[in-house]
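So the sequences go chain by chain: A and B.
Position one of the first sequence corresponds to residue 4 (our numbering), numbered consecutively onward.
Position one of the second sequence corresponds to residue 4 (our numbering), numbered consecutively onward.
Virtual Cβ for every residue (Gly too), placed ideally from N, Cα, C.
See below for the structure under consideration.
2 protein chains.
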Amino acid sequence: MSLLVQKYGGTSVGSVERIQAVAERVEAARVAGHSIVVVVSAMSGETDRLLNLARAIKNPPPSRELDAVLATGEQVTIGLLAMALLARGVDAVSYTGGQVRILTDSAFNKARILDIDASNVHTELKAGKVVVIAGFQGIDDQGNVTTLGRGGSDTTAVAMAAALKADECQIYTDVDGVYTTDPRIVPEARRLDRITYEEMLEMASLGAKVLQIRSVEFASKYQVTLRVLSSFVDGPGTLITTEENIMEAALISGVTLNRDEAKLTIVGVPDRPGVASTILGPIADANIEVDMIVQNSGADGAADFTFTVHRNEYDQALAICQQTNLEMKARAVQGDKRIVKVSIVGVGMRSHAGIASRTFRALAAEGINIQMISTSEIKISVVIDEKYGELAVRTLHAEFGLAEQV
Amino acid sequence: MSLLVQKYGGTSVGSVERIQAVAERVEAARVAGHSIVVVVSAMSGETDRLLNLARAIKNPPPSRELDAVLATGEQVTIGLLAMALLARGVDAVSYTGGQVRILTDSAFNKARILDIDASNVHTELKAGKVVVIAGFQGIDDQGNVTTLGRGGSDTTAVAMAAALKADECQIYTDVDGVYTTDPRIVPEARRLDRITYEEMLEMASLGAKVLQIRSVEFASKYQVTLRVLSSFVDGPGTLITTEENIMEAALISGVTLNRDEAKLTIVGVPDRPGVASTILGPIADANIEVDMIVQNSGADGAADFTFTVHRNEYDQALAICQQTNLEMKARAVQGDKRIVKVSIVGVGMRSHAGIASRTFRALAAEGINIQMISTSEIKISVVIDEKYGELAVRTLHAEFGLAEQV
């Protein structure tokens with residue numbers, strides 16, 4: 004008898020048939036004796052349809068009114084899913100974000116949850132009902148409808164699980180868990196049984212798109228046990244939890260490949276204090292996010308300053324750097340869009356030395372030149388020529404034995 | 004400087020272009036110095052789309068959840084219209100039924116408005132904003148979303164006008180007012196400048212589909228001045244108000260033709276007390292609504308009992324009558340679906356004798372046989388063979404000079 008929060012995304016509720024399938028899955032959990040809260044997204048395509056209607060009226064759409072329009076997508080799904088449950092004889096009731104009272108700030112389109120009054124939901128659960136809650140939305144203290152931004156339904160699910168002190172927050176999606184790496188690159192990639200919040204955060208920020216970063220942060224903060232599962236295939240999925248709940252941490256949990264970045268180098272930068280902010284200040288002013296940063300001081304009193312940005316912002320960043328180059332009298336600006344970032348992630352590397360050198364040696368053995376390196380406590384990232392991306396992933400996946408069950 | 008409530012139906016907001024046109028019309032009223040509350044329906048087709056989704060899940064759909072789903076239709080429109088107004092530089096804000104606090108009972112799918120807290124709307128109006136309100140919906144005292152049933156947006160508009168003590172409630176539709184009769188039958192039919200609530204109620208109940216009966220009742224009860232206008236063509240429309248506001252009442256205001264009824268006769272009914280309830284009791288038990296009722300007592304101690312029902316319920320009513328016929332040992336049951344009801348409506352007939360005989364004489368002169376007659380204080384209805392329907396309408400329209408301006 005556990006209290007489970009189950010979250011189903013847009014693809015999982017994308018048609019009447021799929022909504023019926025979700026109802027069947029929820030019923031099975033009820034029959035198994037669990038109390039169930041379901042959080043759902045809008046049916047796939049619906050949010051885009053509404054967004055396009057709004058944009059046809061005014062682009063960009065006024066934010067308060069856009070939220071009033073977008074929130075209807077999830078409201079339709081909760082009603083339909085509650086109907087499907089009632090049709091199966093499972094007592095159920097739908098709640099919008101406002102009806103639960105998911106209180107948010109008033110930052111329309113990207114609101115943050117401030118508080119959840121779960122008393123209504125508790126009462127319904129006690130009466131034996133499945134409570135179907137609209138994800139992605141809330142209400143501010145003025146009674147305005149707000150939305151949490153794309154992917155906000157994951158956040159709603161985790162926040163509800165925290166507020167209800169649920170035993171588990173299950174995120175149903177179109178993959179059956181978190182993998183050691185992309186199975187399209189490495190066929191022997193293995194589904195992880197367990198992974199820590201920190202590792203999941205690194206994997207998500209490196210481009211593994213299973214979960215929204217924000218929902219993982221939320222889960223970590225409130226110690227909500229997450230599980231990623233498939234809506235279409237039965238299976239245990241991947242549990243995301245605290246390090247203490249994972250008996251024997253793997254050295255390395257996963258290898259990721261990020262193709263979204265591009266590299267910029269200013270060559271011959273005067274080697275003096277304040278150079279980094281002179282270069283990156285104008286980039287930040289243009290709202291361009293910088294990922295990796297490397298500076299090499301040369302023997303001649305000049306340095307090379309290299310950083311990466313998202314490829315979509317490369318052209319803009321390049322123009323800014325050329326201006327900066329002139330102003331600071333550096334030697335030249337070089338740019339390269341044909342790079343990838345390969346990373347290994349694992350809490351085990353905290354207590355094991357030599358992971359970095361093993362990584363570099365393995366890549367060198369395949370003739371892969373490393374252009375940039377960046378490390379954190381539980382991650383090592385390298386930037387390499389994009390043509391070696393898949394080879395590097397396969398090499399590191401094999402080097403650290405990720406295909407074998409730990 | 005008046006306070007106007009404007010209501011636009013589904014056709015008037017059926018596309019992005021039409022929503023822009025409504026915004027233009029609202030802006031014109033603002034520029035003219037009026038305070039404006041707009042009540043809108045779902046975009047045409049949207050309510051049916053949602054209803055079909057729900058029915059595909061469970062038919063009939065559970066009522067509470069159906070309301071949660073259906074209410075989204077109007078919520079989309081209010082957001083889009085508010086955006087269109089903001090895009091034109093007209094300050095505007097959207098409100099759902101729940102956000103206004105249109106309090107209803109909990110009769111899902113056909114809720115009744117109990118109370119409206121108009122304080123939010125007053126505040127917004129005072130701040131110079133156009134308030135765009137979702138029609139057709141409310142909220143019960145538990146916070147559940149309710150809907151008022153089809154055509155409920157008219158009721159919302161009238162109720163808002165009453166709560167706000169608006170100067171006028173303008174119902175924008177696809178016709179430019181209320182006509183003396185259907186212009187497709189009588190080309191010289193004339194738009195009425197003014198008509199009383201009572202006349203409008205009779206006309207609506209007789210099948211003139213300009214306004215919902217319920218909204219006219221509401222307007223009459225709270226003395227809300229209504230105006231029916233076209234969303235597509237400029238014009239004064241038709242004002243619907245109290246008799247005192249109409250200087251010189253016309254003898255007859257309109258002629259209506261109702262093709263939706265069918266006639267049933269039980270022949271040779273024993274002429275004794277209780278017969279009517281013996282016949283109509285089982286009909287009422289089957290939830291079949293009866294319109295006209297006529298009983299002729301014959302000289303032989305037996306009577307013919309005739310009544311009309313909606314054509315859709317004719318077959319069911321016929322089967323019930325055949326059973327009753329056996330039980331009460333009457334002579335026979337006769338039915339006829341090929342009839343129509345033609346009516347004349349006018350408050351003027353209260354103070355003028357001889358309207359009925361003029362009606363019957365005019366029809367007789369055209370060789371039209373009258374099968375049933377029913378009268379009220381301001382209405383005379385006759386049932387005739389359906390093949391004479393249009394002729395009867397044209398005859399009475401001419402007889403009472405309705406084409407001429409009074």
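Go ahead and pull the three-state DSSP assignment for N112 of chain B.
Locating residue 112 of chain B in the second sequence gives position 109, where the first residue counts as 1. N112 of chain B: coil per DSSP, three-state reduction.
Contact between the stretch 49-66 of chain A and the stretch 169-188 of chain A: three or more CB pairs below 8 angstroms?
no
Can you tell me the Cα-Cα spacing of D288 of chain A and I282 of chain A, whole angstroms?
Position 285 of the first sequence, counting from 1, holds the residue named residue 288 of chain A. Position 279 of the first sequence, counting from 1, holds the residue named residue 282 of chain A. Distance between the alpha carbons of D288 of chain A and I282 of chain A is about 11 angstroms.
Contacts around L418 of chain A, its chain only, beta-carbon distance under 6 angstroms, and the 5 residues preceding and following it disregarded:
Since the first residue of chain A shown is 4 and the last is 409, residue 418 of chain A is not available in this structure.
Pull up the CB-CB distance for I383 of chain B and A359 of chain B, whole angstroms please, since I reckon it's below 8 angstroms.
If you number the second sequence from 1, residue 383 of chain B lands on position 380. If you number the second sequence from 1, residue 359 of chain B lands on position 356. That pair is a contact at about 6 angstroms.
Which same chain residues end up closer than 6 angstroms to G12 of chain B when comparing Cβ atoms and leaving out the 5 residues on each side of it in sequence?
Locating residue 12 of chain B in the second sequence gives position 9, counting from the first residue. Within the same chain, G12 of chain B has close Cβ partners S44, T176.
Just checking my contact of F310 of chain A with M295 of chain A at CB under 8 angstroms: how many whole Å lie between their CB atoms?
As a position in the first sequence, residue 310 of chain A is number 307, starting the count at 1. As a position in the first sequence, residue 295 of chain A is number 292, starting the count at 1. At roughly 6 angstroms, the Cβ-Cβ gap stays under 8 angstroms, so F310 of chain A and M295 of chain A are in contact.
Burial state of E407 of chain A (16 or more Cβ within 10 Å):
Taking the first residue of the first sequence as 1, we reach residue 407 of chain A at position 404. E407 of chain A comes out exposed.
Would M4 of chain B pass as a contact of G36 of chain B if the rule is Cβ separation under 7 angstroms?
Mapped onto the second sequence, residue 4 of chain B falls at position 1. Mapped onto the second sequence, residue 36 of chain B falls at position 33. Taking 7 angstroms as the Cβ cut-off, M4 of chain B and G36 of chain B qualify as a contacting pair.
Closer than 6 angstroms by C-beta to I291 of chain A: which residues in its own chain qualify, once you throw out the five before and the five after it? Chain order, please.
Within the first sequence, numbered from 1, the residue matching residue 291 of chain A stands at position 288. These residues qualify, in order along the chain: V312, E316, A320.
Residues in its own chain within less than 8 angstroms of S422 of chain B by CB, not counting five upstream and five downstream?
Residue 422 of chain B falls outside the range modelled here, since chain B spans only 4 to 409, and no answer is possible.
Is DSSP giving E445 of chain B helix, strand or coil here?
With chain B covering 4 to 409 only, the question about residue 445 of chain B has no answer from this structure.
With burial defined as no fewer than 16 other Cβ atoms inside 10 Å of the residue's Cβ, what is the status of R28 of chain B: buried or exposed?
Within the second sequence, the letter at position 25 stands for residue 28 of chain B. Classification for R28 of chain B: buried.
Per DSSP, Q325 of chain A is paired with what?
The sequence position of residue 325 of chain A within the first sequence is 322, counting from 1. BP columns for Q325 of chain A are empty, so no partner.
Residues of chain A with CB closer than 9 angstroms to the CB of T105 of chain B, please, in chain order.
On the second sequence, residue 105 of chain B is found 102 positions in, with the first residue counted as 1. At residue 105 of chain B the sequence reads Ile, which differs from the Thr that was named. Result: empty, since nearest Cβ-Cβ is about 13 angstroms, beyond 9 angstroms.
Helix, strand or coil for N315 of chain A per DSSP?
Numbered from 1 along the first sequence, position 312 holds the residue referred to as residue 315 of chain A. Residue state, collapsed to three classes: helix.
With distance defined between alpha-carbon atoms, name the residue in B:A95, B:D143, B:K266, B:V343 nearest to L260 of chain B.
Indexing the second sequence from 1 puts residue 260 of chain B at position 257. Among B:A95, B:D143, B:K266, B:V343, the Cα nearest to that of L260 of chain B belongs to B:V343.
Report all residues from its chain with a CB closer than 7 angstroms to the CB of Q226 of chain B; omit the five preceding and five following residues, and keep chain order.
Translated into positions along the second sequence, residue 226 of chain B becomes position 223. So the qualifying residues of the chain are T245.
Quick check on this structure: which residue in A:L254, A:E205, A:A306, A:G131 has the alpha carbon closest to the alpha carbon of T362 of chain A?
Position 359 of the first sequence, counted from the start, is the residue given in the question as residue 362 of chain A. That would be A:L254, whose Cα lies nearest to the Cα of T362 of chain A.
P63 of chain A CB to nearest chain B CB: under 7 angstroms?
Counting from one through the first sequence, the residue named residue 63 of chain A turns up at place 60. So, not an interface residue.
Quick one: residues in its chain with C-beta nearer than 8 angstroms to the C-beta of R91 of chain A, no 5 flanking neighbours on either side, listed in chain order?
As a first step, residue 91 of chain A is located in the first sequence; it is residue number 88 there, counting from the start. Within the same chain, R91 of chain A has close Cβ partners A26, E27, E30.
Is M163 of chain A close to chain B, meaning its C-beta is less than 7 angstroms from at least one C-beta of that chain?
By one-based count along the first sequence, residue 163 of chain A stands at place 160. With 7 angstroms as the cut-off, M163 of chain A does not count as an interface residue toward chain B.
If you follow the beta strand (DSSP E) that N477 of chain B is in, where does it begin and where does it stop?
Residue 477 of chain B lies beyond the range of chain B shown here (4 to 409); nothing can be said about it.
Exposed or buried, T126 of chain A, counting other C-beta atoms within 10 Å across all chains shown (16 or more means buried)?
Counted from its first residue, the first sequence places residue 126 of chain A at position 123. By the neighbour-count rule (16 or more Cβ atoms within 10 Å), T126 of chain A is not buried but exposed.
Compare the C-beta of T75 of chain A with all C-beta atoms of chain B and state if any pair is closer than 7 angstroms.
In the first sequence, counting from the first residue as 1, residue 75 of chain A sits at position 72. Cβ-Cβ to chain B under 7 angstroms: yes for T75 of chain A.
May I ask you to verify whether the stretch 214-224 of chain A touches the stretch 155-163 of chain A, counting CB pairs closer than 8 angstroms and requiring at least 3?
yes
Should the stretch 137-154 of chain B be called in touch with the stretch 187-199 of chain B, which here means at least 3 C-beta pairs below 8 angstroms?
no
For the stretch 78-103 of chain B, which residues have a CB atom closer than 7 angstroms to at least one CB atom of chain A, in sequence order?
Q78, V79, I81, G82, L83, A85, M86, A87, L89, A90, S97, Q102
Neighbourhood of S109 of chain B by C-beta distance below 6 angstroms, restricted to the same chain and skipping five residues each side
Residue mapping note: residue 109 of chain B aligns to position 106 of the second sequence, counting from 1. Correct list, in chain order: D143.
From this set, B:V297, B:Q326, B:R314, which residue's C-alpha is nearest P285 of chain B's C-alpha?
On the second sequence, residue 285 of chain B is found 282 positions in, with the first residue counted as 1. Ranking the options by Cα distance to P285 of chain B, first place goes to B:Q326.
Inter-residue spacing [alpha-carbon to alpha-carbon] between N299 of chain B and Q215 of chain B:
As a position in the second sequence, residue 299 of chain B is number 296, starting the count at 1. As a position in the second sequence, residue 215 of chain B is number 212, starting the count at 1. Their Cα atoms are separated by approximately 34 angstroms.
Selected residue, minimal CA-CA separation from L209 of chain A, among A:R262, A:E247, A:P186
Working through the first sequence from its first residue, we reach residue 209 of chain A at position 206. Comparing Cα positions, the closest option is A:R262.
Using a C-beta cutoff of 7 angstroms, does I142 of chain B count as contacting chain A?
Numbered from its first residue, the second sequence carries residue 142 of chain B at position 139. Not one chain A Cβ lies under 7 angstroms of I142 of chain B.
Given A367 of chain B as reference, the closest of B:A395, B:A32, B:G131 once Cα atoms are compared:
Position 364 of the second sequence holds residue 367 of chain B. Comparing Cα positions, the closest option is B:A395.
Beta-carbon separation (whole angstroms), E247 of chain A vs V348 of chain A, contact threshold 8 angstroms:
What you label residue 247 of chain A is simply residue 244 of the first sequence in a count that begins at 1. What you label residue 348 of chain A is simply residue 345 of the first sequence in a count that begins at 1. Actually they do not touch by this definition, with Cβ atoms about 19 angstroms apart.
Following the continuous beta strand (DSSP E) through V40 of chain B, name the residue where it begins and the one where it ends.
Taking the first residue of the second sequence as position 1, residue 40 of chain B is located at position 37. That run of the beta strand (DSSP E) goes 38-43.
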